[in-house]
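Mapping to our numbering: the sequence shown position 81 is 85, numbers consecutive. We put the beta carbon where it would ideally sit given N, CA and C, even for glycine.
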Amino acid sequence: MNSFFRWLGNQNQLVQIPIVLVVFGAVVGILLLLIEYAPRPGKLYFWIRLVACFALPVLAFMLLRPYQNALLYVLGIAVVLGGAMFLLDYRSREGAGYHFQLVLFAAPAAILLLVGLVYPAIATFVQSFFDKTGKDFVGMDNYVWVFTQPEGTWSVINTLIWVLIAPAFATVIGLAYAVFIDRAAGEKFLKVLIFMPFAISFVGAGIIWKFVYDYRQGDQLGILNAIVTLFGGEPVSWLAVTPLVNSLLLMVVFIWSQTGLAMVILSAAIKAVPPEQNEAAELDGANAWQRFRNVTVPGIRSAIVVVVTTVAIGALKIYDIVAVMTGGRANTSVLAFEMVNQQQRFQSYGHSAALAVVLFLFVTPLIVFNVIQIRKQREIR
Numbered sequence: 005m006n007s008f009f010r011w012l013g014n015q016n017q018l019v020q021i022p023i024v025l026v027v028f029g030a031v032v033g034i035l036l037l038l039i040e041y042a043p044r045p046g047k048l049y050f051w052i053r054l055v056a057c058f059a060l061p062v063l064a065f066m067l068l069r070p071y072q073n074a075l076l077y078v079l080g081i082a083v084v085l086g087g088a089m090f091l092l093d094y095r096s097r098e099g100a101g102y103h104f105q106l107v108l109f110a111a112p113a114a115i116l117l118l119v120g121l122v123y124p125a126i127a128t129f130v131q132s133f134f135d136k137t138g139k140d141f142v143g144m145d146n147y148v149w150v151f152t153q154p155e156g157t158w159s160v161i162n163t164l165i166w167v168l169i170a171p172a173f174a175t176v177i178g179l180a181y182a183v184f185i186d187r188a189a190g191e192k193f194l195k196v197l198i199f200m201p202f203a204i205s206f207v208g209a210g211i212i213w214k215f216v217y218d219y220r221q222g223d224q225l226g227i228l229n230a231i232v233t234l235f236g237g238e239p240v241s242w243l244a245v246t247p248l249v250n251s252l253l254l255m256v257v258f259i260w261s262q263t264g265l266a267m268v269i270l271s272a273a274i275k276a277v278p279p280e281q282n283e284a285a286e287l288d289g290a291n292a293w294q295r296f297r298n299v300t301v302p303g304i305r306s307a308i309v310v311v312v313t314t315v316a317i318g319a320l321k322i323y324d325i326v327a328v329m330t331g332g333r334a335n336t337s338v339l340a341f342e343m344v345n346q347q348q349r350f351q352s353y354g355h356s357a358a359l360a361v362v363l364f365l366f367v368t369p370l371i372v373f374n375v376i377q378i379r380k381q382r383e384i385r
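#1: By how many angstroms is the C-alpha of residue 204 removed from the C-alpha of residue 99?
#2: Are the Cβ atoms of residue 358 and residue 147 separated by less than 9 Å?
#3: Does the region 254 to 273 touch the region 348 to 357, meaning 3 or more C-beta pairs lie closer than 8 Å?
#4: With C-beta atoms as the reference, is residue 25 less than 9 Å away from residue 160?
#5: How big is the Cα-Cα spacing for residue 145 and residue 157?
#6: Going by the beta-carbon positions, is the gap between residue 209 and residue 201 smaller than 9 Å?
#7: May I ask you to report which of helix, strand or coil DSSP gives residue 134?
#8: Grab the span of the alpha helix (DSSP H) containing residue 229 for me, first residue to last.
#9: Cα separation between residue 229 and residue 138?
#10: Quick one: Cα of residue 233 to Cα of residue 226, how far?
#11: Can you tell me where the alpha helix (DSSP H) with residue 261 in it begins and where it stops?
#12: Name the DSSP beta bridge partners of residue 141, please?
#13: Cutting at 8 Å between CB atoms, please list the residues of its own chain near residue 328, excluding the five before and the five after it.
#14: Below 8 Å CB to CB, which residues in the same chain sit around residue 316 once its five sequence neighbours on both sides are set aside?
#15: For the alpha helix (DSSP H) containing residue 294, list its first residue and its last residue.
#16: So residue 201 is in the alpha helix (DSSP H); what residue range does that whole segment cover?
#17: With respect to the alpha helix (DSSP H) encompassing residue 390, which residues constitute its N-terminal and C-terminal limits?
#18: May I ask which residues mark the beginning and end of the alpha helix (DSSP H) holding residue 168?
Have a look at this one:
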């Protein structure tokens with residue numbers, strides 16, 4: 005296997021891509037064929053199962069040979085695979101192939117979910133009860149630190165401010181854009197223009213707005229301070245005023261980025277509102293505002309919920325903007341940033357884990373609420 009990769013590395017880059025795609029397609033194709041045909045009854049499929057029991061462990065050994073304890077890994081794979089194929093052979097006579105196909109298709113996703121999400125979540129929760137080294141049990145001390153020390157309390161307060169203000173402004177502004185731009189001249193161009201900030205990464209957006217807020221002695225490069233000095237004022241260090249103002253100015257970047265997403269979703273929802281309802285309301289004497297409030301808004305309520313919860317979850321996870329623009333200084337830290345800061349800068353794994361658990365507790369109600377709303381809409385339909 006190593007020789008194959010060495011040979012591949014010596015090839016031209018334009019040749020490497022199709023070779024990798026062909027090999028990947030072949031592996032996926034073999035797995036799909038095995039999942040499709042292995043559960044079927046009959047002698048031919050029995051031999052397919054038997055060959056798979058020998059061929060796949062050999063292939064696994066070729067892949068794992070450079071690693072320590074490769075034989076143990078291959079033995080485990082052979083035992084699991086042999087057991088699965090034995091059950092397939094036994095159950096295929098009873099017509100149970102569909103269920104095994106379902107299990108085989110779902111198993112990789114379930115394993116990845118277990119390894120990549122469930123296990124880390126449990127490990128993080130357990131870690132939050134240990135000290136910074138992860139060795140000594142300290143009970144609730146890490147959670148006490150979160151809600152009593154400035155680093156923890158400011159990150160919690162700022163996160164709550166973000167999740168309360170940013171989604172509301174992004175949704176309202178996005179809804180205003182969707183209403184006023186809808187069916188206007190140059191609608192497509194304007195929507196693309198407004199949506200473009202959403203395509204920019206938070207790191208890129210943070211760098212752009214850092215120049216807007218820039219403060220220095222002498223000539224000003226920042227747009228805001230250039231305007232202030234143009235009218236005779238003194239330049240302001242915008243990101244070091246007060247904690248609330250600092251966080252609000254950072255939120256402007258996030259709102260600017262998320263407004264385009266809100267506009268696109270809400271614009272599509274508005275177009276889906278039956279025009280007959282607006283026409284009937286107009287015949288009843290309702291003005292434009294009344295039609296919007298009593299017809300349009302109820303018709304797009306589910307879309308508004310999706311936008312608010314999606315942006316709120318994004319606000320809870322915000323890290324890049326804070327890291328790029330302030331580095332958590334001037335009391336602008338949020339939970340996600342402080343979690344990484346405690347782990348990487350101070351090697352305090354207990355504090356970092358406690359912050360992660362608090363962040364998880366903030367995110368979970370939003371996700372549950374979103375799922376409930378989606379289910380209600382499906383039931384209505």
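Result, derived from the coordinates:
#1: As a working note, residue 99 is residue 95 in the sequence shown. As a working note, residue 204 is residue 200 in the sequence shown. Note that residue 99 scores a pLDDT of 48, beneath 50, so its modelled location is shaky and nothing firm can be said.
#2: Position 354 of the sequence shown, counting from 1, holds the residue named residue 358. Position 143 of the sequence shown, counting from 1, holds the residue named residue 147. It is a contact, given that the beta carbons lie within the stated cut-off.
#3: no
#4: Within the sequence shown, residue 25 is the residue found at index 21, counting from 1. Within the sequence shown, residue 160 is the residue found at index 156, counting from 1. Not closer than 9 Å, so no.
#5: Against the sequence shown, residue 145 aligns to sequence position 141. Against the sequence shown, residue 157 aligns to sequence position 153. For residue 145 and residue 157, the distance between alpha carbons rounds to 14 Å.
#6: For the purposes of this step, residue 209 is identified with residue 205 of the sequence shown, where counting begins at 1. For the purposes of this step, residue 201 is identified with residue 197 of the sequence shown, where counting begins at 1. Yes, Cβ-Cβ distance for residue 209 and residue 201 is below 9 Å.
#7: Position 130 of the sequence shown holds residue 134. The answer is strand: DSSP assigns residue 134 an E or B state.
#8: Position 225 of the sequence shown, counting from 1, holds the residue named residue 229. Residues 227 to 234.
#9: Taking the sequence shown and counting its residues from 1, one reaches residue 229 at position 225. Taking the sequence shown and counting its residues from 1, one reaches residue 138 at position 134. The alpha-carbon atoms of residue 229 and residue 138 are separated by roughly 47 Å.
#10: Locating residue 233 in the sequence shown gives position 229, counting from the first residue. Locating residue 226 in the sequence shown gives position 222, counting from the first residue. Approximately 11 Å between the Cα atoms of the pair.
#11: Along the sequence shown, read from residue 1 onward, the residue named residue 261 stands at position 257. Here the alpha helix (DSSP H) through residue 261 covers 247 to 276.
#12: Indexing the sequence shown from 1 puts residue 141 at position 137. In DSSP, residue 141 forms a bridge with 134.
#13: For the purposes of this step, residue 328 is taken as residue 324 along the sequence shown, with counting starting at 1. The answer, listed in chain order, is 206, 207, 210, 211 and 214.
#14: Here residue 316 refers to the residue found at position 312 of the sequence shown. If we look at residue 316 and ignore the five residues flanking it on each side, its Cβ neighbours are 167, 170, 171 and 370.
#15: Position 290 of the sequence shown, counting from 1, holds the residue named residue 294. Run containing residue 294: 292 to 295, per the alpha helix (DSSP H) assignment.
#16: Walking along the sequence shown from the start, residue 201 turns up at place 197. Segment 191 to 203, the alpha helix (DSSP H) holding residue 201.
#17: No answer is possible for residue 390: the residues shown for the chain start at 5 and end at 385.
#18: The residue given as residue 168 occupies position 164 in the sequence shown. Start and end: 154 to 185.
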